[in-house]
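Structure first, then comments.
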Amino acid sequence: MKKACVIIILFLSSVHTAIGQDDNRNFGNILQSYHLFKDKDLIEKTIDFTNNTDMPQSNLEPILTGFFGALYLQDESIKKKMGANLKQIKNLDIQKLFLHIASLNIDSVYSKAPINPSYNDMNWSSYFATGQTKYLDHIIANIQHSENRVDQKMFLAGATAKWSLCSNAKKHPAVKEYLTSLQDKNGRIAELLTNDQVYFREQVINVIKAQRAKGIWNE
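Take 3 as the starting number for the sequence shown in my numbering and just add one per residue.
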């Protein structure tokens, strides 16, 4: 589980590149800002990325599912274009993944999905694909689980929710604006806006160390 948390943090860090430029935007840029730029070459760059990435499909799946699942609901033309170009993807398992995504209703998926760090990844992807704040609400709702000291997976869901909300509020004005608008309704928001990512990483490390010292979460 600790390894999974590290993978999530490394992936999020790897795609937090500059998004203010219009030229030569790579797939990482698109994942973080499609709702702002509506990149016309989304399908081509997605195919190129999936054909050249070394990232395991288990890590790609929540990101692609969240992004395209939400985008397909918003823009049917993207769904049709991906379907028409699907055979350009060399990996048959990723082809099957996109066929599966095309059959989903992402809102139904979220209503039944287990709470874990991948759930946060999916919702960030959905938000950056569409700009719809309901996906931020899903992540914000997970903050409470950072207080869980029984179920490590639930704790990590809460911890990565806090870390990612803090990180993205510093990089994306719309995220910060939305979180700021909720401060009076949610007492946990102020912590996200007044600290940095290092603070939340240290929280995770300290909690895990404390639990392991008690003989908990040693798997």
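From the three backbone atoms N, C-alpha and C, an ideal C-beta is built for every residue, glycine too.
Does DSSP put residue 199 in a helix, a strand or coil?
-> DSSP places residue 199 in helix when its eight states are reduced to three.
Roughly how many angstroms lie between the CA atoms of residue 37 and residue 158, to the nearest whole one?
-> Each residue's alpha carbon lies about 27 Å from the other.
CA-to-CA distance, residue 174 to residue 145, given in whole angstroms | Straight-line Cα distance between these residues: approximately 19 Å.
From the DSSP output, in three-state form, read off residue 227 for me.
-> Outside the shown range of the chain (3 to 221) lies residue 227, about which nothing can therefore be said.
Leaving out the 5 sequence neighbours to the left and right, which residues in its chain are closer than 7 Å to residue 194 when beta-carbon positions are compared?
-> Answer for residue 194: 164, 167, 168, 171 and 181, listed in chain order.
Under the three-state reduction of DSSP, which class applies to residue 90: helix, strand or coil?
-> Residue 90 falls in the helix class under three-state DSSP.
The segment 150-157 / the segment 194-205 touching (three or more Cβ pairs under 8 Å) = In short, these stretches do not touch, since the Cβ pair count stays below three.
Could you pull out every residue in the same chain whose Cβ sits closer than 7 Å to the Cβ of residue 219, ignoring the five residues on either side in sequence?
-> If we look at residue 219 and ignore the five residues flanking it on each side, its Cβ neighbours are 154, 210 and 213.
Once you ignore the five residues that flank residue 150 on each side, which residues in its own chain have a CB closer than 7 Å to its CB?
-> So the list reads 156, 157 and 160, once near-sequence residues are dropped.
Under 8 Å by Cβ, that's how I've got residue 133 and residue 103 pegged, so tell me the actual separation to the nearest angstrom.
-> Your pair residue 133 and residue 103 does not check out as a contact, with CB atoms roughly 19 Å apart and the cut at 8 Å.
Residue 45 versus 106, 118, 121 and 131, residue with shortest Cα-Cα distance | Of 106, 118, 121 and 131, the smallest CA-CA separation from residue 45 is found for 131.
Determine the DSSP secondary structure at residue 98, reduced to helix, strand or coil.
-> DSSP, reduced to helix, strand and coil, places residue 98 within a helical segment of the structure shown.
Can you tell me the Cα-Cα spacing of residue 205 and residue 77, whole angstroms?
-> A direct Cα-Cα distance of roughly 39 Å separates residue 205 from residue 77.
Taking C-beta to C-beta, are residue 296 and residue 127 nearer than 7 Å?
-> Only positions 3 to 221 of the chain appear in this structure, which leaves residue 296 out of reach.
Any contact of the segment 84-97 with the segment 109-126, i.e. 3+ C-beta pairs under 8 Å?
-> Touching, no, given that fewer than three Cβ pairs across the two stretches are closer than 8 Å.
May I ask you to report which of helix, strand or coil DSSP gives residue 117?
-> Coil.
Burial state of residue 217, where buried means 16 or more other Cβ atoms lie within 10 Å | Here residue 217 is exposed, its C-beta having fewer than 16 other C-beta atoms within 10 Å.
Compute the Euclidean distance between the alpha carbons of residue 35 and residue 80, then round it to the nearest angstrom.
-> If I take the Cα positions, the gap works out to 16 Å.
Check whether the Cβ of residue 91 lies closer than 6 Å to any heavy atom of the ligand COA, and answer yes or no.
-> Questions concerning the ligand COA fall outside what the structure shown contains, since it holds no ligand whatsoever.
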